[in-house]
Every structure is written in structure tokens, then in C-alpha cells.
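Student:
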Amino acid sequence: MSLREKLRAKKEVRGDAKYVQVLETLSHGSTNRNFDPFIDIDWDSPEYAVVPNDTRWVLPHRTDPLGRHPWYQSQPLEKQIEIGMWRQANVAKVGLHFESILIRGLIQYAFSVPNGSPEFRYLNHESIEECNHTLMFQEMVNRLGVDVPGMPRLLRWLSPFIPLASTVAPETFFIGVLAGEEPIDHTQKNVLREGDNLHPIMRRVMEIHVAEEARHISFAHEYLHKRVPTMHWFNRFVLSISTPIIMRVLMGAIMTPPRSFFKKFGIPDDVRKEIFWKSPASRQTMSEVFSDVRMLCRGVGMMNPIAKLVWRVLHIDGRAARYRSEPQRGPLVNYAAPEAAASDSPSAVPA
């Protein structure tokens, strides 16, 4: 068997009935339940208008690392709104940049699958949905009128090359997919759960993104469940060590604003370091974001003693989720005094 035939045989999945069924279910969902950002969001509706001094742009005080910090909460309301709009616009731009890289990698992978592979159809469905997400995120940035940079400059420079990993190291590529998707998905779900005081643009964009990302994250999990156990033991070991590193690097790129943001709004260095990621609250956030990934790593044999040590050194270890998207249970760590924190606990809420 030639090398080309071996590579094609490795990508043949039709003999795995369970995996094929998952792909068909995901493709059916993409066909019958999808969104168009210019049909499903009424951008020109008066309620979607972006107006000055709208308090709905104040960052959430429980789910946003900056929003729950005393420095932010001590700022004048107008500045809190301005900071909130800039931060939300930049998160959208980062999401756009990440999904642009993802689209190129998915298409690159689909380019080489065998004829008749059910992966081809699903990968193209996902690419179409991600293209719609980039349209949606850019329109949100445009409506906010904030000129934000998005991803760190280094990742923008590397973006033409990262998608190549989908063919030369596909397992690593899909680990990277989860490293980009899980932090955004986790944050958006928490924001939607937290409160009602969201601007309609934010709410609708998050609702659409969370709904479709559920399929995309499911596919990445299923792909890795299928592929990783069959890897050579040494390659799987290397992947187990690199996984927490990839998670930590991409989470920082996605969730940490650029230095220009801190300079623009006069945020002190000690506050920046505490928020991203030295405080107990922010480290708890890092741990929670990847509970699903830790569950995956345990399930595919990538949570060996050395891998566990790397997770712990990077401050992203913790309890693995019992099931996908298990919600956070119990109060978040915050910066408040103990008696104030206690008032936020579920037991302190009147029945």
C-alpha cells in the first residue's frame, strides 16, 4: 500500500457505524436548524440601536473577570459603559479571527477526505455556519463603532500557517479548535444565565452562537474520541502534554484584552495582572472553562501523571465535568469581603 493510500485509509470512517450516525445527526441539525445573521437579527430595529450611555453595556459583575473587579466597579458609569463596549467588541473580533482560522483548517481537512465520507458534508456545514458567525461578529463590531484589534498581533501573523495543522496533525488541530471554542462558549453561556440586562445585540448574537457552537464542539469531541485512542502511544503522550499548553495559550489570547486596552482606559498594571490571571477568582474561571476538556482527556487516555502536572502548573486543573456543558454549581469566587460574598451565595437568596 502506497503512502497516499495509507493516508486515505486513515481518513476512511464509513466502517464506524456509531461515528457515522453522529455525523449524520450533526449534518441533519445543520440542515434543519441554522441561522443567517442578516435574517435572524433585525439589526435596524430601534431596540437594537447602539446609543450613548446605555447601561446594558456595563460588564457583568459575576461572569466577566474585569466586570467583577473593584477597580472597574469604582469607575464612573460612563467609563464602565465605554470599557464594556470596547471589551465586548474586541471579544467579537477575536471570535471572528479565530473562526476564520478554523474555517480554513476545516476546508483544508475536508479537501483530502475520501469520496463518500460523511465527514465531508458535516465539515462543510460547519464551515458555512462559521462564515455566518464571522459576518455576525463583524456586524456587531461595526454597529458598536469601536476600532478594536482582535487577536494578539503574533497570532494574526501566524494565522496563514495554523490551518495547515489540520492535515499534518489533525488531532492537534482539533485540540486547538476546542481551545478556542470552549472559553467563548463557556463565557457566553454564563452571561446568558446570569441576567436579563443585556443589550439585544449581545443577547441575540450569543444565543445564535451558543446554539450552533454546540454542534461544532460536539464534533470536535467525537473526532478526538475516535482518533486519539488509535494514535501511537508516544504521539498520544506528546499530545497529552501539549493539550493544556494549547488551552492556556489560546484562552489567554481570546479572553485577555490587548495592552492597548489597558493603556487606553488607564487600568493599572497591578489590576491587569490580578484580573488576568493571578487572583483566585480569575484562576477559578480558568479552571471552570476547561472542565469539559479535562473530561475528554480522561476519556481518551490523555490524563497521565505528567499531563496532570502540566495542567496544574498552568493553573487550569480541577474537577472534570461529569457531562458536556455541566453548569457551574455554587457561587463564583469574587473579590468581595467574606460577608459580601456570602450574600451572593444561593443560600442567601430569598425564596
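Counting from 13, one number per residue, gives the positions in the sequence shown under the working numbering.
From the three backbone atoms N, C-alpha and C, an ideal C-beta is built for every residue, glycine too.
Small disclaimer: the values here were computed from a predicted structure and weren't measured.
1. What is the rounded straight-line gap between the Cα of Val312 and the Cα of Arg239?
2. Taking C-beta to C-beta, are Ala232 and Val189 nearer than 8 Å?
3. Can you look up Gly278 in the DSSP assignment and give me helix, strand or coil?
4. Just curious, the alpha helix (DSSP H) that Phe249 is in, first and last residue?
5. In this structure, how does DSSP classify Gln87 when only helix, strand and coil are distinguished?
6. Measure the alpha-carbon distance for Asn44 versus Tyr31 and round it to whole angstroms.
7. Counting pairs of Cβ atoms below 8 Å between the stretch 132-139 and the stretch 186-201, do you hit three or more?
8. Leaving out the 5 sequence neighbours to the left and right, which residues in its chain are closer than 6 Å to Gly79 when beta-carbon positions are compared?
9. Along the chain, which unbroken stretches of the alpha helix (DSSP H) at least 4 residues long are found entirely within the stretch 303-344?
10. What is the rounded straight-line gap between the Cα of Arg155 and the Cα of Phe274?
11. Buried or exposed: where does His145 fall if 16 or more other Cβ atoms within 10 Å of its Cβ makes it buried?
12. Take Ser303 as the anchor and find which of Met148, Met214, Tyr335, Pro317 has the nearest alpha-carbon.
13. Are the CB atoms of Val25 and Pro130 nearer to each other than 8 Å?
14. With a Cβ-Cβ cutoff of 8 Å, do Ser143 and Ile115 count as a contact?
15. Rounded to whole angstroms, how far is the Cβ of Met298 from the Cβ of Ile328, which I believe are closer than 8 Å?
16. Beta carbon of Trp55, beta carbon of Met97: below 8 Å?
17. Work out the CA separation of Glu183 and Met314 for me, nearest whole Å.
18. On a Cα-Cα basis, can you pick out the residue from Phe246, Ile258, Gly162, Phe277 that is closest to Val305?
19. Quick one, which of Ile51, Gly117, Met214, Ser112 has its alpha-carbon nearest Tyr60's?
20. Which residues in the same chain have their Cβ closer than 7 Å to the Cβ of Pro350, if we skip the five residues on either side of it in sequence?
21. Between which two residues does the alpha helix (DSSP H) containing Ala61 stretch?
22. What's the C-alpha gap between Ser252 and Val322?
23. Does DSSP put Arg99 in a helix, a strand or coil?
24. Extract the residue ranges of the alpha helix (DSSP H) inside the stretch 152-189, only unbroken runs of 4 or more that lie entirely within it.
25. Helix, strand or coil for Glu24? Go by DSSP, reduced to three states.
26. On a CA-only basis, which of Val63, Met163, Val261 is nearest Ser112? Give me that one, please.
27. Could you check which residue in Lys22, Ala21, Asp28 has the C-alpha nearest to that of Glu234?
28. How would you write the range of the alpha helix (DSSP H) that Val222 sits in, first residue to last?
29. What residue from Leu35, Leu170, His237 has the CA that sits closest to Leu262's CA?
30. Using DSSP with H/G/I as helix, E/B as strand and the rest coil, what is Glu351?
31. How would you label Lys105, buried or exposed, when you count the other beta carbons within 10 angstroms and need 16 or more for buried?
32. Which parts of the stretch 114-142 are runs of the alpha helix (DSSP H), unbroken and 4 residues or longer, counting only runs that do not cross its ends?
33. Out of Val34, Val283, Leu236, Ile119, which has the shortest C-alpha to C-alpha gap to Thr255?
34. Nearest to Met148 by CA position, among Thr75, Pro49, Arg99, is which residue?
35. Assuming Arg68 is part of the alpha helix (DSSP H), what are its boundary residues?
Tutor: On the basis of the supplied data:
1. 9 Å
2. yes
3. coil
4. 245-267
5. coil
6. 20 Å
7. no
8. Leu71, Pro72, His73
9. 303-311, 317-325
10. 23 Å
11. buried
12. Tyr335
13. yes
14. Note on residue identity: the sequence assigns Cys, not Ser, to residue 143. Yes, they are a contact pair.
15. 5 Å
16. no
17. 12 Å
18. Ile258
19. Met214
20. Note that Pro350 scores 36 on pLDDT, short of 50, meaning its location in the model is unreliable and no value can be drawn from it.
21. No alpha helix (DSSP H) contains Ala61, which DSSP labels as neither H nor E.
22. 9 Å
23. helix
24. 165-170, 177-180
25. coil
26. Met163
27. Asp28
28. 212-239
29. Leu170
30. Low confidence applies here, because Glu351 scores a pLDDT of 38, under 50, leaving its location unreliable and the question unanswered by this model.
31. buried
32. none
33. Leu236
34. Pro49
35. No alpha helix (DSSP H) contains Arg68, which DSSP labels as neither H nor E.
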